[in-house]
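Heads up: the sequence lines are chains R and Z, in that order. My numbering applies: residue 60 is where the first sequence begins, and numbers increase by one. My numbering applies: residue 60 is where the second sequence begins, and numbers increase by one. Beta carbons are placed, not taken as given, at the ideal position from N, Cα and C, and that holds for glycine.
There are 2 protein chains.
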Amino acid sequence: MAVIVQKYGGTSVADVARIQNVARRVKAASDAGDQVAVVVSAMSGVTDQLVKWVREIAPHYDATEYDTVVATGEQVTVGLLALALQELGLKARSYLGWQVPVRTDAAHGKARIEGIDGGAIKALMASGVTPVIAGFQGIGPDGRVTTLGRGGSDTSAVALAAALNADRCDIYTDVDGVYTADPRIVAKARKLAKITYEEMLEMASQGAKVLQTRSVELGMKHRVPVQVLSSFNDLPGTLVVDEDVIVEQELVSGIAYNRDEAKITLIGVPDRPGIAASVFGPLADANVNVDMIVQNVSHDGRLTDMTFTVARPDLQRTMKTLDQAKNMLKFERILSDSNVAKISVIGVGMRSHAGVANTMFKALAEKGINIQVISTSEIKISVLIAEEYTELAVRALHSAYGLDND
Amino acid sequence: MAVIVQKYGGTSVADVARIQNVARRVKAASDAGDQVAVVVSAMSGVTDQLVKWVREIAPHYDATEYDTVVATGEQVTVGLLALALQELGLKARSYLGWQVPVRTDAAHGKARIEGIDGGAIKALMASGVTPVIAGFQGIGPDGRVTTLGRGGSDTSAVALAAALNADRCDIYTDVDGVYTADPRIVAKARKLAKITYEEMLEMASQGAKVLQTRSVELGMKHRVPVQVLSSFNDLPGTLVVDEDVIVEQELVSGIAYNRDEAKITLIGVPDRPGIAASVFGPLADANVNVDMIVQNVSHDGRLTDMTFTVARPDLQRTMKTLDQAKNMLKFERILSDSNVAKISVIGVGMRSHAGVANTMFKALAEKGINIQVISTSEIKISVLIAEEYTELAVRALHSAYGLDND
């Protein structure tokens, strides 16, 4: 008998019929002998409506009141799902964040879970009751309702699974797993049976937004196996696990892309110690997250060029910040380009294999795609290319690394 | 500087613009030097939608989960109104039932307030903050969300006013006060400046549903002056107060009617001690509320007829219950009639004046209206008539007691 946390996203509970569908899934698992705790999001569209009302009334809203309003979405679904489970003959009861309690820090609107007291819920499950827990919400040190930020229900589910020492956390969503590449771009993409936490983190941060990053980090920290699967079919999903659980590790697990980047180049920057800090310090202060950074050796030992990328919505703020710091930085010119995409090859297998990067460069060269910037980590190689080549590059790499489905 | 509780109903907070309108009203009172606590209902229509979802999933729903779902309506409005007040420059914060806390009994779906700890809110108001409290909800002894039943926000507001020892509780609604009769029927109806708690109770239970009965009882018990007024204009409303506050008491304050009654007559009931108990005992067990009861002296000392009224939705249940008890009750026949209306003349002044009833009987007789049943209390005379005469009777009585507006 396994202890399982099941999490259902907004599209899985979008209306009464779908909530009843979720209830049947929970009952099936329960009938099969598992102890199931369920975490749910708001019905899809509901959170957007609530946020819209908040913004109409207060464009620069008090995040505490925002949380009070927005947390109602999940409160509705836990009650409705508990009722649907009861209709199927299960004993079920709902829990709000403050009732569990799910303790968070005070960062309203984007709170972090500090601890979950799983004791009461564990005892309840052992007595044959199915708890239905509101995702996305908790209670802050001020005794008020907090929310975890968009996608936070994944994090709620994994944190609960850790608190319950669950055997697995199943995240039901509108995709049925993690693919070797975006199936909308690569027709031959394959669903992965397993993927490591580290790879999943790189996939997520590269734009393959299947799981919230924080939930993967939590799963990794507490070694909770996390399964991504669909609530609309009965196919097996993708299991996100520790590296040592995967017996036959592929060299490369997937190809990711991100069109949400903008490239900035500072031309004629003095080539002296501390210049990087003086560029990126002001950006950090302006809350701009810098991604790839490239600085070449200068030809003459005097001036160099520096290129880096930021999220596209941050571009304007970045340019303004650098312009204000121009006197101090003493660069000659500044260039920006939103017309770029980042393509990444991800796989823990590349740690122990040489030549992985070269396969990438060769495959892109064969298609005539120019590489603007390169950045590597232990399990990832990313390049920046012109955005129009995105699909071509992803498909070429998918073939080059032997990921194509036959 | 007065301490005022303002309560706004669903139509007053139906959308963003109306919530902003409410915020301006609160600010005006605050600017005028009053300390204001605000109690709000759900945006109109929201509660109905939530109830609909609950019923679709579980026709015989668990009231605990119902409460969890339905209480979200008020949670949304408190957050939005707190934000709207902040936008106007007020310090404001929302309170949910469990945060105040508003302690109730465990009767989910129709809970009664057992106590409100007003300390924190009082301190907050003294420090210049405007608290916005979710009406209709509380926390039960089980630590779960409770709701007070439909119209419960009025009760929340008056109970809070009592807990805060407030100078007045203003109930903003979609009518602008209490009238001598329903203005839809009597064009010459006048708005009452003042009315006693007792009269208001009789008016409310007679179908003039301006205030929830329980809220009037609470106001009477704690001597909280309750004002009924409109949030859509600036006219003075009707003040519900203790009898001794009203200097010039009218003989009759108003004419009420109720079309929600059904009449039942048991013919040939044995005229022996205990027969009433044996009729009404089973009805009480079946949760049927009996209103008017008439039993005449029997002609022969052996058999008598017994007439009483119940709420129309309870008629079927009543007939079934009596039918099942027929062997024990030994009545000859049973008759029922839904085609009746109860007309009431209400006024604390009639306590000390004779002839009030006779004016009623004479006025009805002049219009050729037959009286089927009569029932009286200290401050009320009610008669049952054929439903089709309702408007005629109300207008005739309004004139007969000199209530017509000139």
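| Check | Outcome |
| --- | --- |
| What's the C-alpha gap between T297/Z and V237/Z? | 6 Å |
| Could you check the C-alpha separation between A179/Z and Q145/Z for me, to the nearest Å? | 20 Å |
| Look up E320/R in the DSSP assignment and give the residues it is bridged to. | A370/R |
| What residues in the stretch 77-107 of chain Z bring their beta carbon closer than 8 Å to a beta carbon of chain R? | I78 and Q79 |
| Just list the residues that DSSP pairs N325/Z with in beta bridges. | Looking at the sequence provided, one finds Leu at residue 325/Z rather than Asn. Answer is M365/Z and I393/Z. |
| What residue range is occupied by the uninterrupted beta strand (DSSP E) comprising D350/R? | V349 to Q354 |
| Distance, Cα to Cα, G210/Z vs T272/Z? | 9 Å |
| Residues of the stretch 143-154 of chain Z with a CB closer than 9 Å to any CB of chain R: list them in chain order, please. | A143, Q145, E146, A151, R152 and S153 |
| Do we get a CB-CB distance below 8 Å when we pair Q196/R with the residues of chain B? | Of the chains in the structure shown, none is chain B; the protein chains are R and Z. |
| I need the boundaries of the beta strand (DSSP E) containing P477/Z, first residue and last residue. | No information on residue 477/Z is available, as it lies outside the stretch 60 to 465 that chain Z covers here. |
| Taking C-beta pairs closer than 9 Å, name the residues in chain Z that D201/R reaches, listed in chain order. | Under the 9 Å cutoff, chain Z gives no residues; its nearest Cβ is about 10 Å from D201/R. |
| One question on the structure: do A240/Z and V453/Z come within less than 8 Å of each other, judged by their Cβ atoms? | yes |
| Can you list, in chain order, the stretches of the alpha helix (DSSP H) that have 4 or more residues and sit fully within the stretch 114-172 of chain R? | 122-129 and 131-146 |
| Report yes if the CB atom of I444/Z is closer than 8 Å to the CB atom of G313/Z, and no otherwise. | no |
| Taking DSSP's pairing of strands, which residues face I175/Z in a bridge? | V161/Z |
| May I ask which residues mark the beginning and end of the alpha helix (DSSP H) holding G202/R? | It is not in any alpha helix (DSSP H) - G202/R carries neither H nor E in the DSSP assignment. |
| Interface residues of chain R around G168/Z at Cβ under 7 Å? | Result: empty, since nearest Cβ-Cβ is about 12 Å, beyond 7 Å. |
| With a 10 Å radius around its C-beta and 16 neighbouring C-beta atoms as the bar for buried, classify A422/Z as buried or exposed. | buried |
| Could you compute how far the alpha carbon of Q375/R sits from the alpha carbon of L394/R? | 12 Å |
| Got a sec? Which residues, its chain only, sit under 6 Å from S274/Z by beta carbon, not counting five neighbours each side? | D213, T214 and V217 |
| Can you tell me whether DSSP reads A101/Z as helix, strand or coil? | coil |
| Within 10 angstroms of its Cβ, does H119/Z collect 16 or more other Cβ (buried), or is it exposed? | exposed |
| Rounded to whole angstroms, how far is the Cβ of V432/R from the Cβ of T366/R, which I believe are closer than 8 Å? | 6 Å |
| Look at the alpha carbon of I326/R and the alpha carbon of P372/R, and state the distance between them as a whole number of angstroms. | 23 Å |
| Residue range of the beta strand (DSSP E) that K385/Z falls in? | First-last for K385/Z: K385 to L388, but that is the alpha helix (DSSP H), not the beta strand (DSSP E). |
| So which residues of chain R does L462/Z contact, with C-beta pairs closer than 8 Å? | Here the premise fails: no neighbours, minimum Cβ distance about 44 Å. |
| For E124/Z, would you say it is in contact with chain R, using Cβ-to-Cβ distances shorter than 8 Å as the test? | yes |
| Does any C-beta atom of chain R lie closer than 8 Å to the C-beta of A141/Z? | yes |
| In whole angstroms, what is the alpha-carbon distance linking L270/Z and V285/Z? | 10 Å |
| Could you pull out every unbroken alpha helix (DSSP H) segment of at least 4 residues lying fully inside the stretch 230-307 of chain R, listed in chain order? | 256-264 and 272-281 |
| Quick check on DSSP: helix, strand or coil for V453/R? | helix |
| Specify the secondary structure class of Y67/Z as computed by DSSP and reduced to three states. | strand |
| Would you call the stretch 87-97 of chain Z and the stretch 122-132 of chain Z in contact, with 3 or more CB pairs under 8 Å? | no |
| Could you please tell me which residues of the stretch 109-124 of chain R, in chain order, have their CB closer than 8 Å to any CB of chain Z? | L109, W112, V113, E115, I116, A117, Y120, D121, T123 and E124 |
| For T205/Z and chain R, any beta-carbon pair shorter than 8 Å? | no |
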